[in-house]
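**Student:** Below you will find the structure I want to go over with you.
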Ligand code: C2E
Ligand code: MG
Ligand code: MG
């Protein structure tokens, strides 16, 4: 274990390494045999409850293990160089599906920091828009602060090129990680997504309320939209209304659903609005 160090080998290290290797092989196969799918979670305007967009979330339909969530495979895809292909698949599918929704409904797609490495991301995005026919203003790309950390000049250049296409850029999971305000100053983000860890504690933890208030206030002053993630209760929603957050996403409205359930959801929310009016 390096100079002047030693470590013990244990059998479970072997089990871990073997499982990991199997996962790598399976992920490569999954991409070829088209086992990845995209689910969609609605984003709802705080004031009106109108569906303003959906977030695309990757799912792996494993033939034996069933549906596997992204936390179990995205980081492995990043490590084995598969994230470019998986990311492009999600983007292309999401743009194609979104083209079937009403014009007022946007699509948000997550990007990995590693998708900026090759420098081809603006071309990949332009291609996805072209083949789907989707209006670029209906596409939002979500990045986390980790994307802004290395090779910042190249990342900023690519983000500007993508914005030139008319696409919107959101800062995801804000409040976790580095939360450097200079990121907000260095790039004109269209939206900040307040991380669910703060939303979860609203109503029980006054520090979380103070943080949410600060972020929505900052966004309001800078002309950036704000979306709260992980809204699960009416109490949380009411606080977000009071704090003038723009939109909300979470189990209170809906879990991520397969594409076939998206349009019925939009219609249901529309019908509820008409009833209320
Ligand atoms: P994220 O972008 O912050 O997405 C939100 C996650 O929170 C989703 O988990 C969603 O299902 C979950 N969530 C939504 N509402 C609630 C709620 O009310 N309560 C709770 N407890 N959770 C809620 P999911 O789908 O498992 O995705 C996890 C993460 O995986 C995403 O976090 C995103 O960082 C990453 N991811 C998903 N799809 C992709 C993709 O296509 N590409 C990349 N690079 N990353 C992806
Ligand atoms: Mg996201
Ligand atoms: Mg998030």
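Numbering (the working numbering), first residue to last: 84 to 360.
The beta carbon of each residue, even a glycine, is placed where N, CA and C say it ideally should be.
Since this is a predicted model, take the numbers as computed values, not measurements.
#1: Kindly list the residues whose CB is nearer than 7 angstroms to the CB of residue 145, restricted to its own chain and excluding five residues on each side of it in sequence; keep chain order.
#2: With a threshold of 7 angstroms, establish whether the CB of residue 261 neighbours any heavy atom of ligand 1.
#3: In chain order, what residues of the same chain have a beta carbon less than 8 angstroms from the beta carbon of residue 269, not counting five sequence neighbours either side?
#4: Evaluate contact between the region 288-306 and the region 84-98, counting only Cβ atoms and requiring at least three cross-stretch pairs below 8 angstroms.
#5: Would you say the beta carbon of residue 344 comes nearer than 7 angstroms to a heavy atom of ligand 2?
#6: Taking 7 angstroms as the cut-off, does the CB of residue 152 come closer than this to any heavy atom belonging to ligand 1?
#7: Under 7 angstroms Cβ to Cβ from residue 156, same chain only, skipping five residues before and after it: list those, please.
#8: In this structure, how does DSSP classify residue 396 when only helix, strand and coil are distinguished?
#9: Relative to the alpha-carbon of residue 30, which residue among 262, 318, 243 and 189 has its alpha-carbon at the smallest distance?
#10: Which residues in the same chain have their Cβ closer than 7 angstroms to the Cβ of residue 129, if we skip the five residues on either side of it in sequence?
#11: Sorted by chain position, which residues of the same chain lie with C-beta nearer than 6 angstroms to residue 342's C-beta, five sequence neighbours on each side aside?
#12: Is residue 144 near ligand 1 - that is, is its Cβ less than 7 angstroms away from at least one heavy atom of it?
#13: By DSSP's criteria, residue 199 is part of a beta bridge. Which residues make up the other side?
#14: Classify residue 256 as helix, strand or coil using the three-state DSSP reduction.
#15: Can you tell me the Cβ-Cβ gap for residue 334 and residue 320, rounded? I've got them flagged as a contact below 8 angstroms.
#16: Can you tell me whether residue 166 is buried or exposed, with buried defined as 16 or more other CB within 10 angstroms of its CB?
#17: Under 8 angstroms by Cβ, that's how I've got residue 182 and residue 216 pegged, so tell me the actual separation to the nearest angstrom.
#18: Which runs of the beta strand (DSSP E) spanning at least 3 residues fall entirely within the region 279-330, listed in chain order?
#19: By DSSP, does residue 113 sit in helix, in strand, or in coil?
#20: Going by DSSP, what residue range makes up the alpha helix (DSSP H) through residue 88?
**Tutor:** Walking through what the data contain:
#1: 118 and 151
#2: no
#3: 231, 235 and 239
#4: no
#5: no
#6: yes
#7: 110 and 143
#8: Outside the displayed span of the chain (84 to 360) sits residue 396, for which this structure offers no information.
#9: Here the chain covers residues 84 to 360 and nothing more, so residue 30 does not appear.
#10: 323, 324, 328, 329, 330 and 331
#11: 180
#12: no
#13: Looking at the DSSP assignment, residue 199 forms no beta bridge with any residue, so it has no partner.
#14: strand
#15: Residue 334 to residue 320, Cβ: 11 angstroms. No contact.
#16: buried
#17: 6 angstroms
#18: 308-311
#19: helix
#20: Neither: residue 88 is in no alpha helix (DSSP H) and is coded neither H nor E.
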